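Colleague: Residue numbers (our numbering): 46 to 623. Supplied in structure tokens, the structure appears directly below.
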């Protein structure tokens, strides 16, 4: 994964880590030194037009990784003054809500990490954006390491070692929960974190996003859809304040079409693209993409891909180190083609986390909540994991559900909303978006802090059955509500049918009807099993405590096999020397 890696050791970096980093740089993995002292190294792994800027003054070097929209950071004097303020911060100011002087940066729209290095070697400050849009991993043993790149972490530490609880969660619901990664001693940096290295100490603080504090704070003097439309239009326009070619990844869902509507309404310059493979749902998706494009007189680029794409598995694993599963490897063909002609890809990611309601729709106790979340996100059954692995599945299931029951929130409704935004959203969806950035920078206006905060200040009741989404889309272009949503096969304008869909969903949730995805098997099932067995025969399953035969594997779903393959390919990657 392209990006920066900061390595710090207060008593001086030991020779072994210096040798490891030297080998990485010399081996031409597009890795170079940006800053180097006895105690600290800042490495950069380059990618395809991967964005960053370096601002240097007499006192410090500031490295801004990623993109900030709406301002020109290399020329904006106020931005640079706030950088100065951040590194000069002497601690909390009594009576000041902005306790760490980072309030300005929390309001910036973008996907970014800022590294500020004092030239005297006395202080280093690192800050990530409001929602933590760029995954950053933290290793804190003898050395303190912040990195965007699991491959680099594997090569400069004693090596990636799988964590049993994380592996269980990954295979059970698709991703580790909380701040976990898949590995021992490596955590995720929380959103809106401030890392300060000073006086031989590393201090990490963050400002949690309190969704209950945001809830129901909307100013009722105006209609919520009008306020949202204004904030959203500004976020879209800000992404066009660059001199680069822009592509919108268009789908037949509801989210990307409203971006298309804003682009066309404001005469912004962008092209449109979608991918297609032999699948009934995807084929329906593409059919609606063509309808939307005809509505605006556009010709989308429809790219054919292969759902089973093992030729991309190595490259995919190298990019994300297992944090995004190989079931999405097919998209690399799409991304690489876009990257050959465009510098920025806009997506509809986050639309489902801002405009629709995020409550479970039924009354749940604490225990029921944990079971409900696992059932809604299930990748592998408990029986499958008992059959495939040696670890104590019952104990791991207990730990997972205890964690889910302990999520922040004064009610199970608020706990479930927190899960949707900060567990599934950050731990699964953000990692998927980040995969794109190995090839082309990916952004979405739905996660603009102003739009995100506003959307979650509006009562959930106003969002039920997509009422708010419909009203919002009407302001963009009311004709968009007449096109079917590929996921439902009906348009938002058909309120009667929409209400029926959500009524049936509520009944299904209440009576705990079985999920069909647990029995689905890919047409590539045999090829997946063969690859799993081949990797196990090479010894790459040892770290995972896999104990499975062909019978067990044939009983597993396609999603389980894809996740298992992802872990085995990581194990293979860690065996390869630089």
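All residues carry an ideal CB built from backbone N, CA and C; glycine is no exception. Values in this document were obtained by computation on a predicted structure and should not be read as measured data.
Leaving aside the five residues before and after residue 215 along the sequence, list all residues of the same chain whose C-beta is less than 7 Å from its C-beta, in chain order.
Modeller: For the purposes of this step, residue 215 is taken as the residue at position 170 of the chain shown. Answer for residue 215: 221, 227 and 608, listed in chain order.
Colleague: Name the DSSP beta bridge partners of residue 430, please?
Modeller: Within the chain shown, residue 430 is the residue found at index 385, counting from 1. Residue 430 is not bridged to any residue.
Colleague: Could you tell me which residues DSSP pairs with residue 488 in its beta bridges?
Modeller: As a working mapping, residue 488 is identified with position 443 in the chain shown. According to DSSP, which records beta bridges pairwise, residue 488 is partnered with 391.
Colleague: By the DSSP assignment, the beta strand (DSSP E) with residue 284 in it spans what residues?
Modeller: Taking the first residue of the chain shown as position 1, residue 284 is located at position 239. Note, residue 284: premise wrong, no beta strand (DSSP E); not H, not E.
Colleague: Given residue 60, which residues of its chain have a CB within under 7 Å of its CB, disregarding the five upstream and five downstream residues?
Modeller: In the chain shown, the residue the question calls residue 60 occupies position 15. Contacts found: none.
Colleague: From residue 137 to residue 146, what does the alpha carbon distance come to, in whole angstroms?
Modeller: On the chain shown, position 92 is the one that residue 137 refers to. On the chain shown, position 101 is the one that residue 146 refers to. Reliability fails at residue 137, whose pLDDT of 41 lies under 50, so the model's placement of it is uncertain and no value is given.
Colleague: Sorted by chain position, which residues of the same chain lie with C-beta nearer than 8 Å to residue 347's C-beta, five sequence neighbours on each side aside?
Modeller: Within the chain shown, residue 347 is the residue found at index 302, counting from 1. Excluding sequence neighbours, residue 347 sits near 318, 319, 320, 321, 331, 334 and 335.
Colleague: Do residue 219 and residue 486 have their C-beta atoms closer together than 7 Å?
Modeller: Numbered from its first residue, the chain shown carries residue 219 at position 174. Numbered from its first residue, the chain shown carries residue 486 at position 441. Contact flag unset, no.
Colleague: What residues are listed by DSSP as bridge partners for residue 192?
Modeller: Taking the first residue of the chain shown as 1, we reach residue 192 at position 147. DSSP, once it has assigned bridges, lists 50 and 182 as partnering residue 192.
Colleague: Give a yes or no on contact between the stretch 396-415 and the stretch 278-290, applying the rule of three or more CB pairs nearer than 8 Å.
Modeller: With a cut-off of 8 Å, the stretch 278-290 and the stretch 396-415 do not count as touching, because too few Cβ pairs lie within range.
Colleague: Rounded C-beta distance between residue 357 and residue 384? I'm assuming under 8 Å.
Modeller: As a first step, residue 357 is located in the chain shown; it is residue number 312 there, counting from the start. As a first step, residue 384 is located in the chain shown; it is residue number 339 there, counting from the start. About 14 Å separates the two Cβ atoms, so there is no contact after all.
Colleague: Residue ranges of each alpha helix (DSSP H) run of no fewer than 4 residues wholly in the stretch 494-548, ordered along the chain?
Modeller: Counting whole runs of 4 or more residues, the stretch 494-548 contains the alpha helix (DSSP H) stretches 494-500 and 512-522.
Colleague: Going by beta carbon distance, what residues of the same chain come within less than 6 Å of residue 450, once the five residues before and after it are set aside?
Modeller: The sequence position of residue 450 within the chain shown is 405, counting from 1. Around residue 450: 411 and 415.
Colleague: Using only alpha-carbon positions, find the residue among 114, 171, 71 and 212 that is nearest to residue 613.
Modeller: As a position in the chain shown, residue 613 is number 568, starting the count at 1. Of the listed residues, the one whose Cα sits closest to residue 613 is 212.
Colleague: Less than 6 Å between the CB of residue 420 and some heavy atom of the ligand FMN, yes or no?
Modeller: Absent from the structure shown: the ligand FMN. Ligands present: none.
Colleague: Compute the beta-carbon to beta-carbon distance between residue 502 and residue 276, rounded to the nearest angstrom, for a pair I have assumed lies under 8 Å.
Modeller: Start at 1 with the first residue of the chain shown, and residue 502 comes out as number 457. Start at 1 with the first residue of the chain shown, and residue 276 comes out as number 231. Not confirmed; about 11 Å, so no contact.
Colleague: Note down the Cα distance separating residue 253 from residue 463, rounded to an integer number of angstroms.
Modeller: Locating residue 253 in the chain shown gives position 208, counting from the first residue. Locating residue 463 in the chain shown gives position 418, counting from the first residue. Rounded to whole angstroms, residue 253 to residue 463 spans 11 Å at the Cα level.
Colleague: From what residue to what residue does the beta strand (DSSP E) around residue 23 run?
Modeller: Residue numbering for the chain in the displayed model covers 46 to 623; residue 23 lies beyond these limits and cannot be assessed.
Colleague: In whole angstroms, give me the CA-to-CA distance for residue 352 and residue 469.
Modeller: Here residue 352 is taken as the residue at index 307 of the chain shown, counted from 1. Here residue 469 is taken as the residue at index 424 of the chain shown, counted from 1. For residue 352 and residue 469, the distance between alpha carbons rounds to 23 Å.
Colleague: Just how far apart, CA to CA, sit residue 176 and residue 546?
Modeller: Translated into the one-based positions of the chain shown, residue 176 becomes position 131. Translated into the one-based positions of the chain shown, residue 546 becomes position 501. Distance between the alpha carbons of residue 176 and residue 546: 31 Å.
Colleague: Taking the runs of the alpha helix (DSSP H) that are 4 residues or longer, which of them lie wholly in the stretch 259-329?
Modeller: List check, alpha helix (DSSP H) in window: 269-283 and 300-310.
Colleague: In chain order, which alpha helix (DSSP H) runs of at least 4 residues are fully inside the stretch 198-249?
Modeller: The stretch 198-249 contains these whole alpha helix (DSSP H) runs: 209-218.
Colleague: Since I believe residue 241 is in contact with residue 166 (beta carbons under 8 Å), could you give me their beta-carbon distance rounded to a whole number of angstroms?
Modeller: Taking the first residue of the chain shown as position 1, residue 166 is located at position 121. Taking the first residue of the chain shown as position 1, residue 241 is located at position 196. In fact, because the Cβ distance is near 14 Å, the residues do not count as touching under 8 Å.
Colleague: Just to confirm my understanding: we take residue 601, look at its own chain, exclude 5 residues before and 5 after, and list those with CB closer than 6 Å. What are they?
Modeller: On the chain shown, residue 601 is found 556 positions in, with the first residue counted as 1. Cβ neighbours of residue 601 beyond the five flanking positions: 429.
Colleague: Between which residues of its own chain and residue 387 is the CB-CB distance below 6 Å, once the five residues before and five after are set aside?
Modeller: Here residue 387 refers to the residue found at position 342 when the chain shown is read from its first residue. Same-chain partners within the cutoff: 290 and 292.
Colleague: Per the DSSP calculation, residue 644 is bridged to which residue(s)?
Modeller: Coverage of the chain is limited to positions 46 through 623, which leaves residue 644 absent and any answer about it impossible.
Colleague: I'd like to check one pair, residue 303 with residue 108: are the Cβ atoms closer than 7 Å?
Modeller: Here residue 108 refers to the residue found at position 63 of the chain shown. Here residue 303 refers to the residue found at position 258 of the chain shown. Their beta carbons are not under 7 Å apart, which means residue 108 does not touch residue 303 by this criterion.
Colleague: How would you write the range of the beta strand (DSSP E) that residue 88 sits in, first residue to last?
Modeller: Here residue 88 corresponds to residue number 43 of the chain shown, with the count starting at 1. Residue 88 -> beta strand (DSSP E) spans 85-90.
Colleague: For residue 64 and residue 58, what's the separation of their Cα atoms in angstroms?
Modeller: Taking the first residue of the chain shown as 1, we reach residue 64 at position 19. Taking the first residue of the chain shown as 1, we reach residue 58 at position 13. Cα-Cα distance, rounded: 10 Å.
Colleague: I'd like to know whether the C-beta atoms of residue 619 and residue 205 end up nearer to each other than 7 Å.
Modeller: Here residue 619 refers to the residue found at position 574 of the chain shown. Here residue 205 refers to the residue found at position 160 of the chain shown. Yes, they are a contact pair.
Colleague: For residue 564, collect the residues of the same chain with a Cβ closer than 8 Å to its Cβ; drop the 5 residues on either side in sequence, then sort them by chain order.
Modeller: Here residue 564 refers to the residue found at position 519 when the chain shown is read from its first residue. Since pLDDT at residue 564 reaches only 44, below the 50 mark, its modelled position is unreliable, and the value read off the structure follows with that caveat. Closer than 8 Å at the Cβ level, and outside the excluded window around residue 564, lie 602.
Colleague: Could you pull the start and end residues of the alpha helix (DSSP H) that residue 77 belongs to?
Modeller: In the chain shown, the residue the question calls residue 77 occupies position 32. Note, residue 77: premise wrong, no alpha helix (DSSP H); beta strand (DSSP E) at 76-81.
Colleague: For a test of the three-state rule: what should DSSP assign to residue 350, helix, strand or coil?
Modeller: One-based indexing of the chain shown puts residue 350 at position 305. Of the three classes helix, strand and coil, the one that applies to residue 350 here is coil, per DSSP.
Colleague: Might you give, ordered along the chain, the residues of its own chain that have their beta carbon closer than 6 Å to the beta carbon of residue 445, omitting 5 neighbours on each side?
Modeller: In the chain shown, residue 445 corresponds to position 400, counting from 1. Taken in chain order, the residues that qualify are 214.
Colleague: To the nearest angstrom, report how far apart residue 182 and residue 89 are at their CA atoms.
Modeller: Position 137 of the chain shown, counted from the start, is the residue given in the question as residue 182. Position 44 of the chain shown, counted from the start, is the residue given in the question as residue 89. In a straight line, the C-alpha of residue 182 is about 15 Å away from that of residue 89.
Colleague: Would you identify the three-state DSSP class for residue 366, choosing helix, strand or coil?
Modeller: Looking up residue 366 in the chain shown gives position 321. Note: residue 366 maps to coil in three-state DSSP.
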